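Data block below; observations after.
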Amino acid sequence: MTNNDVLKKIRVALKMRDDDIVEILALVDFRISKGEVGNFCRKEDHLKYVKLKDQILRNFLNGLIIYKRGPREDKHVKSPSPEQGNKGHE
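In structure tokens:
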């Protein structure tokens, strides 16, 4: 399965349009046009077909996480303090 296939399958499964994919990529500061997205979704034998590179798919997947879950508020997970960690488990 190619990167293009992965993008197309996610696009269909989540009922996305080219605009949605452009918006998702913008969430990770990756700029792309609707036309370029459309070229990734064409059949391989089409004149305007473009092979989707790993970097773009990786950025799309990272953007999709933000799109679905929202941005991370805190990048570091705080471990509970000793006072809070054992309350109710004595």
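The sequence shown runs 6 to 95 under this note's numbering.
We put the CB at the ideal spot given by N, CA and C, even for glycine.
Treat the numbers as computed from the prediction; the structure is a model and nothing was measured.
query, result
"If you draw a straight line from the C-alpha of M1 to the C-alpha of N44, how long is it?", "Outside the modelled stretch of the chain, which goes from 6 to 95, sits residue 1, for which no answer is possible."
"Report the three-state DSSP secondary structure of K58 (helix, strand or coil).", "coil"
"Excluding the five sequence neighbours on either side, which residues of its own chain have a C-beta within less than 6 Å of the C-beta of I71, listed in chain order?", "L32"
"Among K58, D50, I29, G40, which has the Cα closest to the Cα of N67?", "I29"
"Can you tell which of V27, K73, E49 has its C-alpha closest to the C-alpha of N8?", "E49"
"For L57, is the classification buried or exposed, using 16 other Cβ atoms within 10 angstroms of its Cβ as the cut-off for buried?", "buried"
"To which residues of the same chain is V42 closer than 7 Å at the C-beta, ignoring the five residues directly before and after it?", "D23, I26, V27"
"When you compare only the Cα positions, how much space is there between L62 and E78?", "24 Å"
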